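Numbering (our numbering), first residue to last: 5 to 428.
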Amino acid sequence: AQALWLKLECAWPHRIASGFAMGGSVARATAAAVVISAPICPFAAREACSASSASSSASASGGKLYWILTFPHKIQRSNVDGSELEDLLDRDLEHPQGLCVDSIGGKMYWSDAGELEDRLRRSNLDGSDVEDIVIGASSWGIAVDAAAEKLYFSDSVGQKIRRANLDGSEVEDVVVDLDDPAGIALDPKREMLVWCDQGSRSIGRASLDGSDVQTLVSGLVYPVGVALDPAAGQVYWTDGGTFMLQRSDMVGGPVVNITAQGSLRDPHGICIDESRSIVYLGVSGTWYERFKGPSAANSTGAIQRVDLHRGAHGGGGPGIGGGAASEDVVSLGVRSRPVSIAYAPVVSAACGASPHGARRLRVGDLVELAPGFAAEDDAAKGPLRAGDVGKIHADDKSDKPFMVSFQGHEWWYKESALRRNVEM
């Protein structure tokens with residue numbers, strides 16, 4: 005009887021094929037997995053996905069790695085073991101730099117330095133539906149706060165860190181008067197923003213609103229990429245001057261060398277799979293001889309990983325001098341230059357995953373039109389107008405998945421046309 009009720013409750017007359025109950029396990033959109041063996045439909049998925057985090061000890065397996073190549077100009081991804089390598093974008097890229105992934109919203113964001121103008125761009129996780137969102141942003145570091153629907157990015161020309169809505173609207177300065185900000189990372193739970201400053205050779209932090217600016221670590225050589233492990237309270241970074249992976253506490257403290265000096269060949273981007281304590285790096289493979297500059301000999305770019313558990317228990321462990329070793333996940337070819345990398349955990353289809361990525365919105369959410377869609381696109385034909393608040397009543401996992409009702413009228417909208425109303 006329960007299964008029959010689920011089928012009837014999920015069935016909609018004009019899209020009945022996608023509404024029937026679905027069996028299988030449900031995983032939260034985090035590194036932790038919540039396993040549900042009962043059939044789940046879109047109405048029940050939201051509650052199942054928001055189950056208690058007490059099950060967080062069950063780690064989600066797998067996931068995807070995304071990275072940018074500045075040579076050749078590409079955005080690629082693979083499984084975390086390096087299998088299923090694919091090109092997502094290999095055209096209409098001038099000089100791509102920073103990259104981040106929003107698994108919940110099903111979007112990836114990147115910066116592209118052009119001859120005429122710099123810009124921030126986004127697309128679905130499969131590389132489709134590319135759009136420009138911010139013009140004039142020269143950024144090496146990008147990070148997304150999915151819950152607050154904000155995108156943070158460093159501005160090396162303006163010497164500051166800025167943020168905007170996920171559609172690029174309402175751009176504002178967050179931290180100013182920096183020297184040369186590069187990689188950035190967020191801890192939304194602690195409301196913390198962390199960045200590398202190559203000019204001052206330091207790691208800095210501030211609140212997400214830009215207040216309480218502090219220096220966590222100083223005296224580095226050339227910090228490039230930064231990543232956080234909030235559960236462990238640690239910040240990791242790559243140093244392009246010492247060719248090392250290092251860490252410190254998120255509240256400041258001594259610097260710990262994870263790898264030995266010079267052991268990484270020109271490291272850039274960094275990301276962490278917190279559930280498995282694995283750091284992923286993009287390295288260009290370039291090595292240097294004193295007074296002779298860079299050498300192209302053996303300069304094969306790669307995506308590498310460092311197992312922090314293995315480093316802690318083998319080869320002397322991380323510490324002064326470093327004991328962890330890196331190993332290739334994907335070899336990218338001679339002269340390849342991976343500069344930014346992001347990790348995206350697996351999200352089950354029952355929790356809203358689609359071919360484009362995970363859904364940011366859910367059945368039952370109160371929504372309004374996103375800026376720019378009030379008079380444009382097919383959304384303008386629906387009942388919502390600027391300032392109206394409707395409710396999502398169905399999600400059929402199509403390109404226009406959400407059926408929104410407003411004052412007795414219904415319309416199907418694509419996700420980018422909507423944003424959650426947080427004032428209701």
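By construction, the Cβ of each residue, glycine as well, lies at the ideal position given by its N, Cα and C atoms.
Owing to the predicted nature of the structure, the values given are computational and were not obtained by experimental measurement.
Euclidean distance between Cα positions of residue i and residue j
i	j	result
Q265	T242	11 Å
G412	S402	23 Å
E88	S82	5 Å
S420	Y70	21 Å
S257	T219	For the sequence presented, residue 257 should be read as Gly rather than Ser. For G257 and T219, the distance between alpha carbons rounds to 11 Å.
T246	K78	27 Å
D183	G208	11 Å
H397	P192	29 Å
D136	L124	6 Å
R251	D130	32 Å
G305	T74	11 Å
N425	V260	43 Å
G325	V225	At G325 the pLDDT is 49, less than 50, meaning the model places this residue with poor confidence and gives no usable figure here.
L333	E153	Contrary to the premise, residue 333 reads as Val rather than Leu in this sequence. Approximately 32 Å between the Cα atoms of the pair.
S409	G109	21 Å
G92	D201	Just to set this straight, residue 92 is Leu in the shown sequence, not Gly. Distance between the alpha carbons of L92 and D201: 30 Å.
P375	L388	12 Å
N128	G237	31 Å
D181	S215	13 Å
Q163	V179	9 Å
A329	E414	57 Å
V283	Y417	38 Å
A31	K68	Residue placement at A31 cannot be trusted, given a pLDDT of 28 that sits under 50; what the coordinates show is reported in the next sentence. Rounded to the nearest angstrom, the two C-alpha atoms are 15 Å apart.
A55	K111	Confidence at A55 is low in this model, with a pLDDT of 34, below 50, so the placement of that residue should be treated as unreliable; the coordinate-derived value is given next. Distance between the alpha carbons of A55 and K111 is about 24 Å.
K395	A383	15 Å
D106	Y113	8 Å
C275	V393	37 Å
S204	S222	8 Å
V84	G273	15 Å
P76	R95	10 Å
First and last residue of the uninterrupted beta strand (DSSP E) at residue i
i	result
W241	238 to 243
E176	176 to 179
P185	185 to 191
V408	406 to 410
F157	154 to 159
V343	342 to 348
D149	146 to 149
G394	394 to 399
G229	227 to 233
Q250	248 to 253
S115	111 to 117
R194	That residue, R194, is in no beta strand (DSSP E); it is neither H nor E in DSSP.
R424	422 to 424
E414	413 to 417
Local Cβ density within 10 Å of residue i, reported as buried at 16 or more and exposed below that
i	result
Q308	buried
A348	buried
K385	exposed
A235	exposed
A151	exposed
E174	exposed
L120	exposed
H313	exposed
G118	exposed
E278	buried
R423	buried
K143	Looking at the sequence shown, residue 143 is not Lys but Ser. Label assigned to S143: buried.
G368	exposed
I139	exposed
Paired residues, beta bridge with residue i - DSSP
i	result
I207	C200, V221
A306	V287, S335
V367	V367 pairs with nothing; no bridge assigned.
V138	L124
P271	V287
S173	Its beta-bridge partners do not exist; DSSP assigns none.
I282	D277, D311
D106	K111
R167	Y156, E176
Cutoff 8 Å: residue i Cβ touching any chain B Cβ
i	result
S204	Protein chain content of the structure displayed is limited to a single chain, and chain B is not contained in it.
Please go through the segment 66 to 99 and give each complete beta strand (DSSP E) segment of 3 or more residues, from N-terminal end onward.
Runs of the beta strand (DSSP E) inside the segment 66 to 99: 68 to 74, 77 to 83, 90 to 93.
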